[in-house]
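The sequence shown runs 682 to 931 under our numbering.
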Amino acid sequence: ELMERLPSGAIVALPPYAFRQANLGAFDRVIASVRRLVPSGARVVEWYAGVGMLGLALAPQAEWVRCSDFNPMLDAPFRAGAALLPAEHRARVSFALGTAAERIGDAAGATCAVVDPPRKGLDRPLLDALCAPAAEPPAPCDQLRTLVYVSCGFGALRRDAAALLSAGWKIARGTRPEAHVLFLGANHIEAVVAFERNLSADGDAALTSRARTVAHVDATRRERVRRRRGPAATPRSGAGRRGARGGHAA
682 ELMERLPSGA
692 IVALPPYAFR
702 QANLGAFDRV
712 IASVRRLVPS
722 GARVVEWYAG
732 VGMLGLALAP
742 QAEWVRCSDF
752 NPMLDAPFRA
762 GAALLPAEHR
772 ARVSFALGTA
782 AERIGDAAGA
792 TCAVVDPPRK
802 GLDRPLLDAL
812 CAPAAEPPAP
822 CDQLRTLVYV
832 SCGFGALRRD
842 AAALLSAGWK
852 IARGTRPEAH
862 VLFLGANHIE
872 AVVAFERNLS
882 ADGDAALTSR
892 ARTVAHVDAT
902 RRERVRRRRG
912 PAATPRSGAG
922 RRGARGGHAA
């Protein structure tokens, strides 16, 4: 395998038959952006992983990274790149063969998704899964809070972003879409956009299972205290009644 060392120090296996970015130095900045946008400790699923330039770079900061691609010839270079990671990081990454539509189930348990699709954008079944409302029983994508989208096709990104935003995803707080020029003198850009969403149906911050339990216990205790105290006294003045019902704040 041909091993390529990027300016950041990352090493990837790039055999002659695999897609290779013409400007690896510029793409290294894309990798840096993705690493910055993926939360530390995230459980990551990556579709369209290729030889693992993004997924392997996330291994040091993620709890685990599940990568997939449809091309069976990419399995060997991915594993060759993974073999160059320190043992503790190598154990966190995996690679599976299949299209994005076939590998939607890889998102089960993941909190962050990374996609770098071809110019046509996301496969429709994957986009539908990312946009679907929370289901019962839970669907694979239900726990995803963060989506980092790397795009080489701006038209497809615009279409996919419109669908994601309509489904409740938002541009991640504290971030803004980025444009990276990989081909000097050309009118082509590589875009990086981070989306996030709340997991609760009413738009409040998502609660973990433990937080839901605590909230339920607190509510039960408040109800018991209220019952012991009995019904609240009825206010006697008009002003008091308005205050009890709530009013308009200035």
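Note that the Cβ used here is the ideal one computed from N, Cα and C, for glycine as well.
Cβ contact (3+ pairs, closer than 8 angstroms) linking the segment 824–844 and the segment 750–770: no
Anyone know if the C-beta pair for Ile852 and His861 falls short of 9 angstroms? no
With DSSP collapsed to three states, give me the class of Ser749. strand
Please state the DSSP three-state secondary structure of Ala743. coil
On the premise that Tyr729 lies in contact with Pro798, defined as a C-beta separation below 8 angstroms, what is that separation, rounded to the nearest angstrom? 5 angstroms
DSSP three-state assignment for Leu766, whether helix, strand or coil: coil
Are the CB atoms of Val795 and Leu739 within a distance shorter than 9 angstroms? yes
Any chance the CB of Glu859 is under 8 angstroms from a heavy atom of the ligand MN? Within the structure as shown, the ligand MN is missing, as the structure has no ligands at all.
Answer yes or no: do Leu705 and Pro720 have a C-beta to C-beta separation smaller than 9 angstroms? no
CA-CA distance, Arg747 and Arg878? 21 angstroms
Taking Val715 as part of the alpha helix (DSSP H), name the residues at either end of that continuous run. Leu705 to Leu718
Contact defined as beta carbons within less than 8 angstroms: I believe Ala781 pairs with Leu807. What is the distance between those atoms, to the nearest angstrom? 5 angstroms
Which class does Phe700 belong to by DSSP, given the choice of helix, strand or coil? coil
Would you say Ile712 and Ala699 are within 9 angstroms of each other, going by their C-beta atoms? no
State the start and end residues of the unbroken beta strand (DSSP E) segment that holds Leu828. Thr827 to Ser832
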